[in-house]
RNA sequence: GGCCCAGUAGCUCAGUUGGAUAGAGCGCUUGCCUCCGGAGCAAGAGGUCGCAGGUUCGAAUCCUGCCUGGGUCACCA
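In the numbering used here, the protein residues as written are 11 to 587.
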């Protein structure tokens, strides 16, 4: 519909340009549904764009375009000039109603496109190291990444979802030592550090209490799960592990168990990955050395203070960074470089890294370095998201990673369920903080809880269908139903809104911004729910068979869009609630 | 202090490749209505789009400076 109009308008513009002796190309025209209904079905800014180029006042140009446009092959009823030179176009007769059938016939593919042309896209997200349960920040990232992947999938991209993790390094060592400390404490061979000292990083820490050594690491993981893992080891092995190093069996057991739990959380969230990549791979296959050697060959590496440095300043960055510590251990940066190089080696056309704001500083170094190594850094994108705060009872819930008093994804999932969790996490744009209102999320009233509001709108289309069947009324045939009787203003408004879906999907996919889909679905539901509710002004099921069929067709269109949209967000589209 | 993100209605937020009178939900006021499924419909109040300049036919949107909140500035990941 919109595209046919676009073509017609572009032809007019081309002709005008030719008349003026301008052989240049036709500029991008904006054609959109105006906010004001009395501005017609579509507004076009062509005259404003051309004013300077043609050296004529915009309103005059608009007149010329309108005259040339005519009825554009039967789809345009009127085109009038308004304001500074907008062209307001009204579509002919039942053009909108005719388009509704197309929505229903496209079904689960309505809104899908070949925008990506089959491009191979990798989306890397979550990528949390197995040091503890997923936090709300991870949860938000899981949902955002997954929704971006779903959007890309739906718009003609070939998507690989990937989780990158690291089970070596300092963090995991500290985890192992934390577990061992709790293990020794539970066996009565060590004393737990004083709670007030744990809570305050500055507070001094005794070496021993009542003759028992305090072995818990200063920067150890304080979460309850650490003690639980230790308790499991006590139950299974008794005191047999007291001489094991924290970095050995303790670390391995802890990591394996935590990783299993992370996977279970992701499954509960409805998030699945195609590939898990372990940092260790790059240690073992020699790519760290290769990356280092290649950087060295380009004179981007130097040795200082016993460490190996990346000469990032010569790549235009603010400071140099350490690649290999004086201990001989690589920093996070070097394997990350090797990893991104590996992404290129695997041939992805686009590489999307979803990361929390705390990682943002890292990204420029990775991008600059792989660019220097000959990769096309322009193919790597960063989707950054801010953190999540929790509000409960109108009060912000204090969270502290250090004290392990943060709320986990598991806990919140248990309270609100995966659908609500996902909707809340994806309904705000990724940058900018997200305030998760637990009370609203737990609200069972469908009118108040936006996730239920959308799902309920979908369920209602089935409710009406059930009612119709009870009354012996068949659903209309998508291939042939006649929507022409839909003449009410709110019906046209609904149809127009449904037809926006493909544009919304395409824009959200291209911008990597799934929140647009959530917002849009809320709008569709916001039209449909009142429409259904107001059974005085218009009942779907009435004595008028043709009107009933048309309204049932509208219900099918709404169902199609809501179902497809909910699928893009990873929410269930229930038939009843 | 440098860099990044944010600042839009009472609250939570859309809108930011420059377009007409800046929107939604919740909350609030008034009137009507009692519905396929848990109420709905109509009208209304509520805004210096953080502040100040600049760019131009036109700025919430672009540029500069400043204010406020958060993040980040490791031989952590």
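Yeah, the Cβ is synthetic: ideal placement off N, Cα and C, and Gly gets one too.
Check whether the Cβ atoms of residue 293 and residue 345 sit closer than 9 Å, and answer yes or no. As a working note, residue 293 is residue 283 in the first chain. As a working note, residue 345 is residue 335 in the first chain. Yes.
Excluding the 5 residues flanking residue 513 on each side, which residues of the same chain have their C-beta closer than 6 Å to its C-beta? Along the first chain, one-based indexing puts residue 513 at 503. The same chain holds no residue with a CB closer than 6 Å to that of residue 513 once the five nearest residues on each side in sequence are set aside.
Grouping DSSP H, G and I as helix and E and B as strand, with all else coil, what is residue 7? Not covered by the structure: residue 7. The range shown for the chain is 11 to 587.
C-alpha distance - residue 282 paired with residue 67, whole-angstrom precision: The residue you call residue 282 lines up with position 272 of the first chain. The residue you call residue 67 lines up with position 57 of the first chain. If I take the Cα positions, the gap works out to 56 Å.
Could you give the uninterrupted runs of the beta strand (DSSP E) lying entirely in the region 51-84, keeping only those of 3 residues or more? 52-54
My guess is that residue 576 and residue 454 are in contact by the Cβ rule of under 8 Å, so how many angstroms apart are they, rounded? As a first step, residue 576 must be located in the first chain, where it is residue number 566. As a first step, residue 454 must be located in the first chain, where it is residue number 444. In fact, because the Cβ distance is near 19 Å, the residues do not count as touching under 8 Å.
Cβ-Cβ distance between residue 241 and residue 183 below 9 Å: As a working mapping, residue 241 is identified with position 231 in the first chain. As a working mapping, residue 183 is identified with position 173 in the first chain. Contact flag unset, no.
When the Cα of residue 463 is compared with those of 403, 533, 389, which residue comes out closest? On the first chain, residue 463 is found 453 positions in, with the first residue counted as 1. With distances taken between Cα atoms, residue 463 lies closest to 533.
If you follow the alpha helix (DSSP H) that residue 188 is in, where does it begin and where does it stop? Mapped onto the first chain, residue 188 falls at position 178. The continuous alpha helix (DSSP H) containing residue 188 extends over residues 179-196.
Shortest alpha-carbon distance to residue 60 belongs to which of 94, 381, 528? Working through the first chain from its first residue, we reach residue 60 at position 50. Considering only alpha carbons, the answer is 94.
Terminal residues of the alpha helix (DSSP H) in which residue 119 lies: Taking the first residue of the first chain as position 1, residue 119 is located at position 109. Where residue 119 is concerned, there is no enclosing alpha helix (DSSP H), given that its DSSP letter is neither H nor E.
Can you tell me which residues form a DSSP beta bridge with residue 288? Taking the first residue of the first chain as 1, we reach residue 288 at position 278. Note: residue 288 sits in a beta bridge opposite 175.
Proximity winner among 403, 320, 399, relative to residue 372 (alpha-carbon distances): Stepping through the first chain from its first residue, residue 372 is reached at position 362. For the residues 403, 320, 399, the minimum Cα distance to residue 372 belongs to 320.
By how many angstroms is the C-alpha of residue 156 removed from the C-alpha of residue 485? Along the first chain, one-based indexing puts residue 485 at 475. Along the first chain, one-based indexing puts residue 156 at 146. Their Cα atoms are separated by approximately 34 Å.
C-alpha distance - residue 399 paired with residue 176, whole-angstrom precision: Taking the first chain and counting its residues from 1, one reaches residue 399 at position 389. Taking the first chain and counting its residues from 1, one reaches residue 176 at position 166. Near 27 Å, if we compare the C-alpha coordinates of residue 176 and residue 399.
Tell me whether residue 297 is buried or exposed, calling it buried when 16 or more other Cβ atoms sit within 10 Å of its Cβ. Reading the first chain from its first residue, position 287 is the one you call residue 297. Buried.
On a CA-only basis, which of 14, 323, 162 is nearest residue 123? Give me that one, please. Counting from one through the first chain, the residue named residue 123 turns up at place 113. Per the Cα distances, 162.
Quick check: the Cα distance between residue 397 and residue 452, rounded to an integer number of angstroms? The residue given as residue 397 occupies position 387 in the first chain. The residue given as residue 452 occupies position 442 in the first chain. Going by the C-alpha atoms only, they are around 21 Å apart.
Beta-carbon proximity list for residue 40, same chain, < 6 Å, skipping 5 on both sides: As a position in the first chain, residue 40 is number 30, starting the count at 1. Here the set comprises 55.
Among 154, 537, 472, 247, which has the Cα closest to the Cα of residue 583? Here residue 583 is taken as the residue at index 573 of the first chain, counted from 1. The candidate whose alpha carbon is nearest that of residue 583 is 472.
Could you pull the start and end residues of the alpha helix (DSSP H) that residue 435 belongs to? In the first chain, counting from the first residue as 1, residue 435 sits at position 425. Looking at the DSSP string, the run of the alpha helix (DSSP H) that includes residue 435 is 428-436.
Using only the alpha-carbon positions, how far apart do residue 408 and residue 415 sit? One-based indexing of the first chain puts residue 408 at position 398. One-based indexing of the first chain puts residue 415 at position 405. So the two alpha carbons sit approximately 8 Å from each other.
Are the region 272-280 and the region 217-233 touching, with three or more C-beta to C-beta distances below 8 Å? no
Any idea what DSSP makes of residue 331, helix, strand or coil? The sequence position of residue 331 within the first chain is 321, counting from 1. DSSP places residue 331 in strand when its eight states are reduced to three.
Burial state of residue 308 (16 or more Cβ within 10 Å): Counted from its first residue, the first chain places residue 308 at position 298. Counting Cβ neighbours within 10 Å, residue 308 comes out exposed, since fewer than 16 surround it.
Going by DSSP in three states, residue 135 sits in which element: helix, strand or coil? Counting from one through the first chain, the residue named residue 135 turns up at place 125. DSSP places residue 135 in coil when its eight states are reduced to three.
Identify the continuous beta strand (DSSP E) that holds residue 100 and give its terminal residues. Working through the first chain from its first residue, we reach residue 100 at position 90. Per DSSP, residue 100 belongs to the beta strand (DSSP E) from 96-101.
For residue 417, list the residues DSSP reports as bridge partners. Start at 1 with the first residue of the first chain, and residue 417 comes out as number 407. Answer is none; residue 417 lacks a bridge partner.
Taking residue 3 as the reference, give the member of 365, 351, 401, 369 with the closest Cα. Missing from the structure shown is residue 3; the chain here goes from 11 to 587 and no further.
Excluding the 5 residues flanking residue 37 on each side, which residues of the same chain have their C-beta closer than 6 Å to its C-beta? Taking the first chain and counting its residues from 1, the one referred to as residue 37 is at position 27. Excluding the 5 residues flanking it on each side, residue 37 has same chain C-beta neighbours closer than 6 Å at 59, in chain order.
Where the alpha helix (DSSP H) containing residue 260 begins and where it ends: In the first chain, residue 260 corresponds to position 250, counting from 1. Neither: residue 260 is in no alpha helix (DSSP H) and is coded neither H nor E.
For residue 395, the residue or residues it bridges with in DSSP: Within the first chain, residue 395 is the residue found at index 385, counting from 1. By DSSP's assignment, residue 395 forms a beta bridge with 366.
Give me the Cβ distance between residue 231 and residue 141, rounded to the nearest whole Å; I'm assuming they're in contact under 8 Å. Indexing the first chain from 1 puts residue 231 at position 221. Indexing the first chain from 1 puts residue 141 at position 131. Indeed they touch by this definition, with Cβ atoms about 6 Å apart.
Could you give the distance in angstroms between the alpha-carbon of residue 339 and the alpha-carbon of residue 243? The sequence position of residue 339 within the first chain is 329, counting from 1. The sequence position of residue 243 within the first chain is 233, counting from 1. The alpha-carbon atoms of residue 339 and residue 243 are separated by roughly 30 Å.
Only counting the same chain, and skipping five residues up and downstream in sequence, which positions put a Cβ closer than 6 Å to that of residue 90? As a working mapping, residue 90 is identified with position 80 in the first chain. Excluding residues within five positions, the ones whose Cβ falls inside 6 Å are 98.
CB of residue 121 within 9 Å of CB of residue 511, strictly: Residue numbering aside, residue 121 sits at position 111 when the first chain is read from its first letter. Residue numbering aside, residue 511 sits at position 501 when the first chain is read from its first letter. Going by C-beta atoms, residue 121 is nearer than 9 Å to residue 511.
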